[in-house]
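Enquirer: One structure, as structure tokens, below. Some questions next.
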Amino acid sequence: MLSNLRALGPNERLMLHHLRRLGSLAKADLARATELSSQSASVIINRLLDEKLVRKLEAVRGRVGQPSQPIALNPDGAYAIGIHIGRRSLEVMLLDLTGQARFRAEVVYPHPEVDAVFAAIASQIDVIVAQLGASGAARLCGIGVAAPLALGTWHQLLGQMPEQARQWANVDIRARLQAMTTLPVVFAKDTAAACVAELLAGRGRDLPDYLYVYLDALAGGSLVLGGRPHGGAHGNAGALGSMPLRSAAGERGVSSGSSGSSGTSGISGISGTSGTSGTSGTSGLDRPSGSSGSNGAGIQRGAEERGGLPAQLLSVASLAMLEQRYTEAGLEVDAARDERALAAPWSDFTHAWANEAADALAYAVCNAACVVDLDAVIVDGKLWRGLLALLLARVETALARYDWSGVDRPPVLAGEVGVDANVIGAAYLALHAAFAPVP
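Under our numbering, the first residue of the sequence shown carries the number 335, and numbering increases by one thereafter.
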């Protein structure tokens, strides 16, 4: 499978960038936006027209002078394949040059088996190529693949056996996929890919600095600074799911100075208490309350199985924890994706999870805001929008219980891309590699 698309020069990439951002522009406006001379801009536009990467729209009449004919991206000028290897499913999507989905497939599994996952990827790519035909397939610019950086970690929380998790330990996902295709392959962690989708097609377009949180089987996050994804030294900045929910300083923890408590944790106040427990010596997140249908057992088991270390945010705020509640009650676990989540008999379990997840997220947001001066925190995930709205309302309530002296409290906003953010972002990575301006 060979692409007929050539590598573009910097000015061509810049022109496509402005068309993606602004929609359509007349030749004169494109010249001004790119700061190119009219002659240079015209030469580049004509070249892009010849290569069918852009197209002419209907002439705009009724103004003084000659009618202008706007230039826009040609949706069929190029395509990119996005792949998300998740802990519960494989998603494959085809995006056109304007970012519109042309194909989507999902393969659900209890846990990802390496050989089965790559066999399914090969099968879905074959379907896409057949759907595009020879001429369309020649306009594929690349493949973006997104997956958790530690795909085999936290197997206890997901009910997986250690041997199932270990099979991913030595798999170079990008290299293995590259060996299957002649198209260029780019890789990013799944939450970073979802963050890219929000940056290009959601609220992120208007926010220079924000923390992005994505709720999947396990919760995670990413970071945008200066309007660009910020990976940090190891490509894992914004890994909110790994944030500990209490101090590791022993029983005493980091209590706020209240005397007489029997060992409060650093977040004993986030469950709505006064900040001291006095009886159990733990916070509401260390020992879930069990009210409103909450059983909490699996959450605590997950923390203990990691050596008795402080529980991480993902052991409370992940969708796997909500699904576990449903499972132990004998209910369908996919209810979080639709209206059933807030209907009987699921609603009691949903509300109990939302209370604990909101407390954990608020604690993480407060800590993050003390480190990075954020314009906002964007939260999205593979859950029904009504459930996301409920969760964010409770996060706001939990945030109000913190002392914000000396730091600006960021607004917490719902993401706009939704359940497909991972796989859309993966495809955007391939489009970006082929057509975005080089920094």
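We put the beta carbon where it would ideally sit given N, CA and C, even for glycine.
1) Is lysine 390 helix, strand or coil by DSSP?
2) Going by C-alpha to C-alpha distance, which of Ala692, Glu440, Leu533 and Leu407 sits closest to glycine 561?
3) Evaluate glycine 642 with the Cβ neighbour count: other Cβ atoms within 10 Å of its Cβ, from every protein chain shown; 16 or more gives buried, anything less gives exposed.
4) Does the beta-carbon of glycine 343 have 16 or more other beta-carbons within 10 angstroms, so that it is buried, or is it exposed?
5) Is it true that the CB of alanine 698 sits closer than 7 Å to the CB of leucine 559?
6) Return yes when the Cβ of glycine 478 is within less than 7 Å of the Cβ of glycine 420, no when it is not.
7) Assign glutamate 657 to buried or exposed, taking buried as 16 or more other Cβ atoms, counted over all protein chains shown, within 10 Å of its Cβ.
8) Is the distance from the Cβ of tyrosine 443 to the Cβ of aspartate 430 below 7 Å?
9) Pull the bridge partners of valine 558 from the DSSP assignment, please.
10) Applying the criterion that 16 or more other CB atoms from any shown protein chain within 10 Å of the CB defines a buried residue, is arginine 475 buried or exposed?
11) Output the distance between the C-alpha atoms of proline 679 and alanine 453, rounded to the nearest integer angstrom.
12) Return the CA-CA distance between alanine 732 and leucine 665, expressed in angstroms with no decimal places.
13) In whole angstroms, what separates the C-alpha of alanine 768 from that of tyrosine 762?
14) In whole angstroms, what is the alpha-carbon distance linking leucine 464 and isoleucine 758?
15) To the nearest angstrom, how far is it from the Cα of asparagine 289 to the Cα of glutamine 434?
16) By a C-beta neighbour count over all protein chains shown, 10 Å radius and 16 as the cutoff for buried, is alanine 471 buried or exposed?
17) Just to confirm before moving on: does the CB-CB distance between valine 519 and valine 448 stay below 7 Å?
18) With distances taken from CA atoms, which of Ser457, Gln403 and His351 is nearest methionine 427?
19) With distance defined between alpha-carbon atoms, name the residue in Ile455, Ala770 and Ala651 nearest to tryptophan 687.
20) Closest to aspartate 524 by CA distance: which of Thr515, Arg422 and Lys390 is it?
21) Taking the beta strand (DSSP E) that aspartate 714 belongs to, which residues open and close that run?
22) I need the straight-line Cα distance from alanine 481 to leucine 676, nearest angstrom please.
23) Need the endpoints of the beta strand (DSSP E) that tyrosine 413 sits in, please.
24) Determine the extent of the beta strand (DSSP E) in which aspartate 682 is found, giving its start and end residues.
25) Between glycine 569 and glutamate 392, what straight-line distance do the alpha-carbon atoms span, to the nearest angstrom?
26) Quick check: what's the CA-CA separation for leucine 722 versus leucine 350?
27) So, is glutamate 425 buried or exposed, given that buried needs 16 or more other C-beta atoms within 10 angstroms?
28) What residues match up with methionine 427 in a beta bridge as DSSP calls it?
29) Are any of the Cβ atoms in chain C nearer than 7 Å to that of alanine 375?
30) Quick test of your reading: tyrosine 544 and aspartate 709, contact by CB under 8 Å. State the CB separation rounded to the nearest angstrom.
Expert: Let me lay it out:
1) Strand at lysine 390.
2) Among Ala692, Glu440, Leu533 and Leu407, the Cα nearest to that of glycine 561 is on Leu533.
3) By the 10 Å Cβ count, glycine 642 comes out exposed.
4) So glycine 343 counts as exposed.
5) Not in contact: leucine 559 and alanine 698 (Cβ atoms no closer than 7 Å).
6) The answer is no: Cβ separation not under 7 Å.
7) Buried, because 16 or more other Cβ atoms sit within 10 Å of the Cβ of glutamate 657.
8) In terms of Cβ geometry, tyrosine 443 and aspartate 430 do not form a close pair [threshold 7 Å].
9) Bridge partners of valine 558: Tyr544 and Pro563.
10) Per the sequence shown, the amino acid found at residue 475 is cysteine instead of arginine. Burial check for cysteine 475: the Cβ neighbour count within 10 Å reaches 16 or more, so the residue is buried.
11) Each residue's CA atom was taken as its position, placing proline 679 and alanine 453 some 38 Å apart.
12) Rounded to whole angstroms, alanine 732 to leucine 665 spans 28 Å at the Cα level.
13) For the pair alanine 768 and tyrosine 762, the Cα-to-Cα distance works out to about 10 Å.
14) The sequence given here places alanine at residue 464; leucine does not occur at that position. Distance between the alpha carbons of alanine 464 and isoleucine 758: 21 Å.
15) For residue 289 there is no data in the structure shown, the boundaries of the chain being 335 and 773.
16) Buried, by the Cβ-count rule.
17) Not closer than 7 Å, so no.
18) Taking only the C-alpha atoms, the option nearest methionine 427 is Ser457.
19) Ranking the options by Cα distance to tryptophan 687, first place goes to Ala651.
20) Checking every option, the nearest Cα to that of aspartate 524 belongs to Arg422.
21) Run containing aspartate 714: 710 to 715, per the beta strand (DSSP E) assignment.
22) Pairing alanine 481 with leucine 676, the inter-Cα distance amounts to about 30 Å.
23) Element bounds for tyrosine 413: 413 to 419.
24) From DSSP, aspartate 682 is part of no beta strand (DSSP E) but of the alpha helix (DSSP H) over 681 to 705.
25) Distance between the alpha carbons of glycine 569 and glutamate 392: 44 Å.
26) Looking at the two C-alpha atoms, the distance is approximately 35 Å.
27) Answer is buried; the Cβ neighbour count reaches 16.
28) DSSP lists Gly416 and Arg438 as partners of methionine 427.
29) Of the protein chains in the structure, only one exists, and it is not chain C.
30) Contact holds; Cβ gap of about 5 Å.
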